[in-house]
Amino acid sequence: MGSSFFNSQLIDIGLIFLKINNQANIFMNNSPLHTFHIPVMGLAYTVDSPIKVAQYGIASVISIVENRLIEMMRKHYYPSVDRPYFPINTHEEDFRAKRITDYLNLVHEIVTAQVEKMKQAAFETGSEIVKYFEMLPDDSVLKQFYLKMIDTPILTEKEKMQTYLRSQIIPGSIDVNIMTKTDRENYNKAGELVEDGSDAVAALRGYANSCLENSSVIFSAGTNLRLYNYIDQCKGFQIDEDGLFTKKVVIKVSDYRSALIQGKYLAKKGIWVSEFRIESGLNCGGHAFATDGYLLGPILEEFKAKRQELTNSLFEIFSKTNAQKHDIYLEHPPAITFSVQGGIGTHDEDELLHSYFEMDSTGWGSPFLLVPEATTVDEETLELLCVAKKEDVVLSRVSPLGVRFHYLKGTSAEKEKLDRIAKGRPGSPCTEKHLAFNTEFTEQPICTASRQYQKLKIDHLQSLNLPEMVYEKQLGEVLDKECLCIGLSNAAAINHSETLIKNLNAVTICPGPNIVNFSKVVSLQTMVDHIYGRKDILCNVTRSNMFISELHLYINYLKEKLEEGIGEEVLDKQKKYLTGFFDNLLKGIAYYRQLSAENNIEQSFNEELSSAELELRLLIFEYPLLSE
């Protein structure tokens with residue numbers, strides 16, 4: 004080889020070094036190297052995901068409300084760091100927060116050790132360090148530098164490049180989720196209310212006291228003013244003199260208005276929302292919070308158009324508060340990132356969300372349930388997920404919260420529930436009580452999935468002498484309810500050979516409808532390659548675009564509402580809501596036609612759009628009020 008070849012190699016390497024150095028602030032601030040994240044799923048399914056994926060630079064989210072599960076995970080993982088496990092018992096003061104703090108510190112310790120070990124690994128086929136760089140997106144400057152290192156023939160230069168690559172390895176963030184609605188009050192043994200001891204507040208305190216940095220708490224399921232008021236007392240969320248945060252706040256929202264309202268409320272407290280995580284109202288896993296017919300595409304378009312306006316509005320309030328409360332004067336607003344999740348299934352969809360809608364990150368949830376290297380799912384449930392068909396994933400009413408809930412049929416939890424009903428003992432023992440909010444028959448709140456509530460409710464229904472059809476309908480609504488505290492936790496207990504609650508082993512799982520397009524267990528690298536367009540693992544070649552899938556979910560949801568309101572009197576009362584819902588869907592369809600024309604989306608998209616519009620307009624003939 005001539006000297007010109009080596010010189011050109013060195014020039015290329017130098018240019019990549021320059022690109023990376025120009026982005027040094029990005030790496031110094033531990034900004035994510037991947038363009039996707041793994042959202043929270045259930046209670047158990049991502050409870051130890053950071054231990055599995057953070058070392059590869061992938062962000063994931065732990066649910067921290069179920070403290071008994073957290074304690075079980077402490078017991079399981081302490082041997083991995085060669086230290087004894089000491090239980091944090093329920094008689095200890097603030098045990099919920101203490102359990103969470105210690106578990107998060109333990110997760111951080113494990114991930115840190117993994118990363119340090121990786122940095123020492125050789126750049127050879129199959130090594131963890133090679134896996135780290137191979138999984139990066141192809142347009143990443145760091146990935147390009149890695150590929151250039153592979154092709155560099157000069158050993159001394161190769162070694163220098165490898166040294167630099169090792170220095171750039173950062174873990175994915177260890178994030179936590181608090182579902183704001185799961186905020187049950189707690190009482191001490193004397194029956195006195197524990198101050199700042201509710202489930203969600205204790206969870207937040209546990210997170211705040213942890214050693215995690217470059218980490219976020221994600222608040223989901225709406226506003227909880229008690230929680231938002233408490234956050235001001237927690238360390239790590241305030242901005243420092245360099246304009247940085249040790250711990251960040253992320254709000255999961257379904258529309259722009261919600262983002263603005265919640266963002267302003269927190270800004271008045273001196274708390275900055277660092278990310279708005281936009282989630283489809285219906286095309287998602289777990290609890291589904293339907294909008295009034297507003298579809299994801301138009302919602303994202305509004306965020307795209309108003310993101311600077313949103314930033315400025317929040318900064319005006321935030322800067323004044325910090326000047327008054329903390330004597331910190333800010334010239335520029337801290338960064339706000341925008342992410343989206345709900346039904347994403349292909350690289351093309353992912354790319355559109357990044358390139359056109361300018362999303363900083365995309366959430367890939369349900370598909371990762373089929374990746375044991377990333378999530379924790381027991382074998383029996385894993386097999387159910389692999390063979391799941393459209394009719395197996397339903398928008399159920401099983402949640403005691405009274406919120407619609409995506410639910411996989413045929414699980415061990417459903418079988419156990421039906422078995423109890425058949426034996427004349429419906430309802431669960433309700434050991435955890437995280438969803439105990441009903442006071443219909445008792446002074447102290449109880450859960451609608453509990454044996455106690457269902458017996459009381461059924462006795463009450465029987466006393467009313469209702470018409471048979473009415474009685475059966477109401478009875479079905481009672482019996483539908485299912486214990487989620489245990490059902491969504493047990494997969495971890497089964498997989499790790501631990502016991503969560505003695506004699507309660509049933510599993511509930513709540514994938515989004517998109518899971519039916521994925522039919523086999525795959526490796527972490529394979530799933531990441533699918534996301535970045537390097538592989539295609541979809542089993543359903545006729546799969547609808549994510550926006551079309553959501554549209555059909557909303558049309559079906561509207562049909563349900565119309566059928567529930569049969570009878571002129573009922574429908575008239577809901578006329579404004581129903582017609583508004585209908586009109587918003589039509590506006591969404593018109594928007595998608597424009598989007599398709601501007602972005603050359605596949606031809607089938609427009610055909611399915613026309614079919615959906617026809618289905619929607621035909622409802623006018625059955626329900627004339629929709630056209631009024």
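Each residue of the sequence shown is one higher than the last, beginning at 4 in the working numbering.
Note that beta-carbon positions come from the ideal geometry of N, C-alpha and C, so glycine has one too.
Where residue i falls, given that 16 or more other Cβ within 10 Å makes a residue buried
{"i": "residue 138", "result": "buried"}
{"i": "residue 157", "result": "exposed"}
{"i": "residue 496", "result": "buried"}
{"i": "residue 444", "result": "exposed"}
{"i": "residue 624", "result": "exposed"}
{"i": "residue 57", "result": "buried"}
{"i": "residue 539", "result": "exposed"}
{"i": "residue 248", "result": "buried"}
{"i": "residue 26", "result": "For residue 26, the predicted structure reports a pLDDT of 45, less than 50, and the residue's modelled location is therefore unreliable. The matter cannot be settled from this model."}
{"i": "residue 465", "result": "exposed"}
{"i": "residue 425", "result": "exposed"}
{"i": "residue 250", "result": "buried"}
{"i": "residue 420", "result": "buried"}
{"i": "residue 47", "result": "buried"}
Beta-carbon separation (whole angstroms), residue i vs residue j, contact threshold 8 angstroms
{"i": "residue 114", "j": "residue 153", "result": "Not confirmed; about 26 angstroms, so no contact."}
{"i": "residue 270", "j": "residue 238", "result": "Not confirmed; about 19 angstroms, so no contact."}
{"i": "residue 283", "j": "residue 346", "result": "6 angstroms"}
{"i": "residue 101", "j": "residue 91", "result": "5 angstroms"}
{"i": "residue 411", "j": "residue 514", "result": "6 angstroms"}
{"i": "residue 350", "j": "residue 536", "result": "3 angstroms"}
For residue j and residue i, the rounded distance between their alpha carbons
{"i": "residue 61", "j": "residue 52", "result": "10 angstroms"}
{"i": "residue 298", "j": "residue 354", "result": "19 angstroms"}
{"i": "residue 229", "j": "residue 49", "result": "26 angstroms"}
{"i": "residue 555", "j": "residue 221", "result": "28 angstroms"}
{"i": "residue 591", "j": "residue 597", "result": "10 angstroms"}
{"i": "residue 44", "j": "residue 585", "result": "31 angstroms"}
{"i": "residue 181", "j": "residue 204", "result": "9 angstroms"}
{"i": "residue 186", "j": "residue 201", "result": "6 angstroms"}
{"i": "residue 107", "j": "residue 170", "result": "25 angstroms"}
{"i": "residue 561", "j": "residue 500", "result": "44 angstroms"}
{"i": "residue 71", "j": "residue 435", "result": "8 angstroms"}
{"i": "residue 31", "j": "residue 610", "result": "In this prediction, residue 31 scores a pLDDT of 40, lower than 50, which makes its location untrustworthy; no coordinate-derived value is stated."}
{"i": "residue 318", "j": "residue 123", "result": "43 angstroms"}
{"i": "residue 242", "j": "residue 399", "result": "42 angstroms"}
{"i": "residue 63", "j": "residue 492", "result": "17 angstroms"}
{"i": "residue 59", "j": "residue 35", "result": "11 angstroms"}
{"i": "residue 579", "j": "residue 617", "result": "22 angstroms"}
{"i": "residue 89", "j": "residue 65", "result": "22 angstroms"}
{"i": "residue 188", "j": "residue 305", "result": "37 angstroms"}
{"i": "residue 342", "j": "residue 310", "result": "12 angstroms"}
{"i": "residue 508", "j": "residue 490", "result": "8 angstroms"}
{"i": "residue 155", "j": "residue 163", "result": "11 angstroms"}
{"i": "residue 422", "j": "residue 378", "result": "29 angstroms"}
{"i": "residue 494", "j": "residue 409", "result": "17 angstroms"}
{"i": "residue 149", "j": "residue 136", "result": "7 angstroms"}
{"i": "residue 484", "j": "residue 567", "result": "19 angstroms"}
{"i": "residue 452", "j": "residue 415", "result": "16 angstroms"}
{"i": "residue 1", "j": "residue 193", "result": "Missing from the structure shown is residue 1; the chain here goes from 4 to 631 and no further."}
Where the beta strand (DSSP E) through residue i begins and ends
{"i": "residue 98", "result": "First-last for residue 98: 98 to 123, but that is the alpha helix (DSSP H), not the beta strand (DSSP E)."}
{"i": "residue 236", "result": "Where residue 236 is concerned, there is no enclosing beta strand (DSSP E), given that its DSSP letter is neither H nor E."}
{"i": "residue 277", "result": "276 to 282"}
{"i": "residue 342", "result": "340 to 344"}
Per DSSP, cross-strand counterpart(s) of residue i
{"i": "residue 62", "result": "40"}
{"i": "residue 222", "result": "181 and 254"}
{"i": "residue 396", "result": "411"}
{"i": "residue 390", "result": "BP columns for residue 390 are empty, so no partner."}
{"i": "residue 248", "result": "None; residue 248 has no bridge partner."}
{"i": "residue 441", "result": "449"}
{"i": "residue 504", "result": "507"}
{"i": "residue 366", "result": "40 and 344"}
{"i": "residue 190", "result": "196"}
{"i": "residue 431", "result": "453"}
{"i": "residue 290", "result": "408"}
Residue i: first and last residue of the uninterrupted alpha helix (DSSP H) it sits in
{"i": "residue 171", "result": "Looking at the DSSP string, residue 171 is not in any alpha helix (DSSP H), and its letter there is neither H nor E."}
{"i": "residue 301", "result": "299 to 329"}
{"i": "residue 135", "result": "131 to 137"}
{"i": "residue 53", "result": "52 to 56"}
{"i": "residue 614", "result": "606 to 620"}
{"i": "residue 358", "result": "350 to 358"}
{"i": "residue 268", "result": "259 to 271"}
{"i": "residue 147", "result": "144 to 154"}
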